[in-house]
Each structure stands twice: as structure tokens, then as C-alpha cells.
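Chains as they are written, first to last, in our numbering: chain A, 117 to 406; chain B, 6 to 280.
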């Protein structure tokens with residue numbers, strides 16, 4: 117008995133440093149953010165102002181634009197990327213395909229580069245005189261250069277193209293791993309029953325990959341809610357605030373404009389609430405699997 | 006019909022591979038070219054590689070940015086491996102009701118987005134600066150500390166510890182090894198694949214981290230590689246050759262990790278989904 121108790125204490129000792137650090141750098145700041153969100157003022161001179169920040173938030177056109185932009189990225193980019201990732205993984209899962217390893221590595225390689233580095237490359241590739249416009253003009257796909265960085269519509273398209281380039285291969289790896297667990301005999305049976313490859317995809321592959329689809333959808337959603345590096349380095353949030361995200365707006369309120377930490381904390385609760393909602397969905401689904 | 010389909014698949018995959026690889030080819034070609042040629046879309050390698058490298062090292066403090074990024078990534082990764090594996094091991098091997106509750110509370114921190122933490126963390130380190138300036142704002146330790154342990158890694162280690170043989174522990178206890186000795190001498194060597202995978206994830210995350218270093222390194226004298234690249238990219242008269250050289254140099258460490266440790270890399274990624 118004494119030995120058991122002793123070991124239990126050793127267990128706590130093993131975990132103690134992590135408990136301390138996570139409390140200090142996650143839970144304590146989170147609590148601070150909540151308290152801060154009820155205060156207002158410039159820099160360090162904060163006073164308690166109740167719900168003022170939240171009232172201001174709902175009447176702040178820039179916050180609403182940032183929220184709208186984030187949702188545009190979510191609604192168009194996440195499903196598009198997931199379909200692409202799934203589609204490529206099915207093509208690459210074919211054992212008769214030649215150069216499989218090459219194609220897989222090529223599509224995955226963008227996951228290796230840092231977000232800042234690829235953002236800067238994309239900014240130059242898609243500049244008005246950049247190589248992408250050159251290429252599209254030469255192929256006569258467009259008749260005049262697209263203002264990727266200056267046009268509110270194309271700037272959003274550019275952000276979506278960029279994120280899709282960076283993350284499709286990453287998500288594809290999860291699907292490839294999932295497909296290896298799908299029993300080949302199911303496909304054999306389907307073939308005998310006369311199902312073509314499109315029917316096989318919709319009636320076998322998609323249902324089998326459902327847990328992975330949910331996993332990738334939710335991690336991508338949470339990632340998109342926190343999008344920062346790309347709009348910051350590709351468009352700077354512009355033109356106007358047309359590509360601004362919530363994370364970038366919080367950064368601007370805190371470190372670019374006259375700092376208002378209280379209001380920044382209130383804005384951050386938009387992301388907190390959305391993230392908690394999506395995380396709960398993920399935990400619920402993850403729990404069902406076991 | 007079948008031939009047509011195969012032809013279509015190869016064409017499509019080749020196009021996708023081209024799109025995926027082009028930015029890499031472009032940065033490698035451009036690091037050998039002059040700024041003027043790059044802005045005119047030159048697609049052939051040139052002879053300006055050494056000029057670009059020497060300009061980069063002369064005009065920008067890339068040497069210290071490289072040092073800072075390596076220091077941050079290595080120190081954070083080593084500490085993260087030790088501290089979070091100890092916790093994952095502690096929660097699983099010495100399992101109790103109380104520990105399960107605390108573990109679940111720690112998991113809640115995964116739901117906290119960094120956007121909400123950046124202001125309070127900045128203020129926290131501002132406070133730390135008053136007392137211990139050596140680990141406050143504008144120090145590499147301030148960049149490292151919030152990433153020394155995260156619930157993600159504790160979870161990863163706990164999941165993998167479930168597969169660790171209890172008989173090994175009992176045998177080691179019989180041999181008179183202390184509990185901490187078992188962890189370091191039996192557990193760590195047995196779990197080297199998990200440590201490799203976690204190490205790669207942690208190194209990549211810390212090497213590429215942008216937002217927190219941007220917030221906490223306010224002084225222009227102290228930079229990491231992503232901060233330097235971002236700064237170069239936002240200049241008004243960019244020297245493209247120099248910028249692409251910096252990007253290539255900043256990408257080499259993670260690319261090397263990928264090519265040499267691909268197996269652990271993918272294992273770590275997909276392993277983190279299970280459970």
C-alpha cells in the first residue's frame with residue numbers, strides 16, 4: 117500500500133512540470149484575456165468598462181469584415197482542398213500507377229516550407245508583372261494581367277490558392293494512410309457487381325474515409341480560423357481590409373495601431389468561441405470511434 | 006477508352022506535380038539570378054549565386070537569425086521531448102482517477118487559439134521582464150517558453166505509452182532500478198520512434214513559427230529566419246535574388262529533415278490522429 121502511494125506521488129512528480137507550464141502559458145493567459153476583455157484603455161492604463169468592448173465589437177465594421185473574410189476562406193477553401201486531397205489520394209493509391217513515389221513526394225513537398233517563406237514567394241509570383249500573369253497571358257487564358265494583390269476579389273482568390281497549394285499534400289497523407297486500411301476485397305466485390313470507379317468512389321471510398329474527412333475538415337477549419345501568416349505576408353490584409361483575418365486584426369489592434377489590449381482580447385473571443393465549438397465536435401466524433 | 010483514361014490521369018498528375026514543385030524550382034533558379042532578371046521572369050539559372058549569398062550575409066544579419074532560429078528550435082525541442090514525455094509517461098503508467106481528471110483538463114488547452122493568447126502572453130512576459138529581464142521580452146527564452154510543453158505532445162506520448170510493455174517495468178523494478186531510472190534507461194530507448202516523430206514535429210513548428218516571435222521580439226536587432234524573410238519581403242525596393250537566397254537557406258533544414266526522416270515524419274503526422 118505504502119509503495120503504491122509512493123508511486124502515485126512519483127507519477128504526479130513526472131507530470132508536475134507540464135502541469136505548471138501549461139497552467140502558466142495557457143490557462144492563466146486565457147483567464148487574463150477574459151478579464152482584459154472587460155477593460156479598456158491605451159497601453160497599460162486599463163480601466164474596467166464592463167461589456168463596452170463587446171458592444172463595440174458588434175458595431176465595428178472592420179471586425180465584421182475580418183469575420184466575413186475568415187468565413188469566405190472557410191466556406192470555399194476547406195471543402196475544395198479536402199476534395200482535391202481525397203481525389204489525389206485515390207489516384208495515387210492505385211498500385212499500377214507508375215512514378216507513384218515521385219507524384220506523392222511532389223504533392224506533399226509544399227508542407228515542408230515555412231508559411232512565411234511560401235507567402236513571400238506567392239506574393240512575387242502573383243504580382244501584376246509576375247510570372248503567373250505572364251504565363252496566363254501567353255496561353256491566352258486572360259487578355260490583360262490580373263491585379264491579384266490589388267483587386268478585392270482576386271486577392272481573396274490568391275489567398276485561397278496559396279493555402280490550397282500549401283496544405284493539400286499535407287491532408288492527402290492522411291487519406292493515403294486511411295486508404296491502406298480499406299479492405300481491397302470490398303472493391304473486388306463491387307467490381308463483380310458491376311460498379312464503375314466513380315460509383316466505387318462515392319459508395320465505398322467516401323464512407324470508409326469518413327473519420328478522416330471529419331478530422332481533416334475540423335483541423336483545417338480551426339487552422340483557417342487562426343489564419344495569420346499568409347494574409348500578413350502576401351497581401352498585408354489589403355487591398356483596404358479585403359483579405360484581413362481576425363487574427364491579423366487582433367495583432368493590428370495590439371501592436372500596429374495605438375494598442376488597446378482590452379478590445380483585442382474581446383475580439384479574440386470570436387475565435388475562442390468558434391474554436392471551442394469545432395473542437396467539441398471533433399472530440400465528440402473522436403470519442404465515437406473508440 | 007482505358008488508354009485515354011490512363012493518359013488523362015498521367016497528364017493531370019504531371020500538371021499537379023508541376024504546380025506543386027514550381028515555386029521550389031523558381032526559388033532555386035532565382036537564387037542564382039540578378040534582381041532585374043528575376044523580375045523579368047528569367048527561368049534559367051544564372052551566375053549570381055555567390056554574389057547573392059555574399060550580399061545577404063553582408064547587408065542583413067542572417068548569421069544571427071540562423072543562430073537564433075537554431076537555438077530556439079533545438080532548445081524548445083529537447084525540453085519538449087523530455088518534459089512532455091515525462092508527463093505522458095506519468096499520466097499513463099501511474100494512472101489514477103485524479104491524474105485522468107488533470108490530463109483531461111490539460112487537453113482543454115488544445116482548444117485555446119493562439120490569437121487569444123498573444124496579448125495576455127505578451128503582457129505576462131512584459132511582467133517577467135521587470136523581474137527577470139534575461140527571460141523577458143526580446144529574449145530567445147521568451148520565444149521558447151510557451152512551446153516547451155503542449156497538451157498535443159503529452160497526448161502523443163501518452164497514446165504511444167499505452168503500447169509500452171508493463172512487464173519491462175516490472176522486470177526493471179525487480180532489478181532494483183529506480184522509477185526515474187526506468188524512464189530514462191528503459192522507456193526512452195524503447196520509444197525512440199515516438200521521440201523521433203515528436204522531435205521532428207516540434208523542430209518544424211518552432212523553426213517555422215512566426216506570430217509569437219513577431220510579438221515578443223519587438224527589438225529590430227533580434228530576429229528569427231521567418232521574421233527576417235518577412236521583413237525582406239515587405240521592403241519597398243526588394244532585391245529578389247537576395248530574398249530568394251534567404252528563403253532557400255531558411256528552407257534547407259526542414260527540407261533535409263523531410264528527405265532523411267520521411268518515415269518518422271509521416272508516422273508522427275498520421276500517428277497523432279489515432280485515438
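We put the CB at the ideal spot given by N, CA and C, even for glycine.
Contact of residue 46 of chain B with chain A is assigned, a C-beta pair being separated by under 8 Å. Straight-line measurement puts the Cα of residue 294 of chain A at about 20 Å from the Cα of residue 305 of chain A. Under the three-pair Cβ rule at 8 Å, the stretch 243-254 of chain B does not count as touching the stretch 92-104 of chain B. Secondary structure of residue 19 of chain B (DSSP, three-state): helix.
Assigned with DSSP and collapsed to three states, residue 163 of chain A falls in strand.
Non-local beta-carbon contacts of residue 221 of chain B in its own chain, meaning distances under 7 Å to residues more than five positions away in sequence, involve 127, 130, 142, 147, 148 in chain order. In the three-state reduction of the DSSP assignment, residue 60 of chain B falls in the helix class. Per DSSP, the continuous alpha helix (DSSP H) segment holding residue 296 of chain A begins and ends at 268-296. Fully contained in the stretch 141-201 of chain B are the following alpha helix (DSSP H) runs of length 4 or more, in chain order: 145-149, 156-166, 171-179, 184-187.
Annotation: Cβ neighbours of residue 89 of chain B in chain A (cutoff 8 Å, chain order): 134. For residue 41 of chain B, the enclosing alpha helix (DSSP H) begins and ends at 40-44. In this structure residue 257 of chain A is exposed. Its beta-carbon is surrounded by fewer than 16 other beta-carbon atoms within 10 angstroms. When Cβ-Cβ separations below 8 Å define contact, residue 31 of chain B makes contact with chain A. Against chain A, the CB of residue 104 of chain B has a partner CB under 8 Å away; the residue lies at that interface.
Rounded to whole angstroms, the Cβ separation of residue 358 of chain A and residue 268 of chain A is 4 Å, and the two are in contact under 8 Å. Contact check for residue 233 of chain A against residue 234 of chain B passes: the beta carbons are separated by less than 8 Å. Around the beta carbon of residue 291 of chain A, a 10 Å sphere encloses 16 or more other beta carbons of the protein chains shown; the residue is thus reported as buried. For residue 205 of chain A, the enclosing alpha helix (DSSP H) covers residues 177-208. In the DSSP secondary-structure assignment, residue 10 of chain B is not bridged to any residue.
Runs of the alpha helix (DSSP H) lying entirely within the stretch 229-257 of chain B and spanning at least 4 residues, in chain order: 230-238. Contact note: residue 225 of chain A reaches chain B through 25, 26, 29, using a C-beta cutoff of 7 Å and chain order. The stretch 219-233 of chain A and the stretch 10-22 of chain B touch, with no fewer than 3 CB-CB distances between them shorter than 8 Å. Just measuring C-alpha positions, the residue of A:143, A:195, A:245, A:254 sitting nearest residue 277 of chain A is A:195. When the five nearest sequence neighbours on each side are left out, the beta carbons in the same chain lying within less than 8 Å of the beta carbon of residue 108 of chain B are those of 96, 159, 163, in order along the chain. Contact of residue 351 of chain A with chain B is not assigned, every C-beta pair being separated by 8 Å or more. Annotation for residue 376 of chain A: 369 place their beta carbon closer than 6 Å to its own, counting only its chain and skipping 5 residues before and after. Comparing C-alpha distances from residue 12 of chain B to each of A:200, A:150, A:168, A:214 shows the shortest one belongs to A:214.
For residue 102 of chain B, no pairing in a beta bridge is given by DSSP.
In the DSSP annotation of this structure, the continuous segment of the alpha helix (DSSP H) that includes residue 340 of chain A starts and ends at 326-341. The way I'd put it, the stretch 203-218 of chain B does touch the stretch 259-267 of chain B; three or more beta-carbon pairs between them come closer than 8 Å.
Among the CB atoms of chain A, none fall inside 8 Å of the CB of residue 13 of chain B.
The closest CA to that of residue 286 of chain A, considering only A:378, A:329, A:201, is found on A:201. For residue 128 of chain B, the closest Cβ of chain A is nearer than 8 Å. Looking at the DSSP output, residue 307 of chain A bridges to nothing. For residue 40 of chain B against residue 244 of chain B, the beta-carbon gap comes to about 5 Å, under 8 Å, which counts as contact. Think of a sphere of 9 Å around the beta carbon of residue 366 of chain A: the chain B residues whose beta carbon falls inside it are 120, 121, 123, 124, in chain order.
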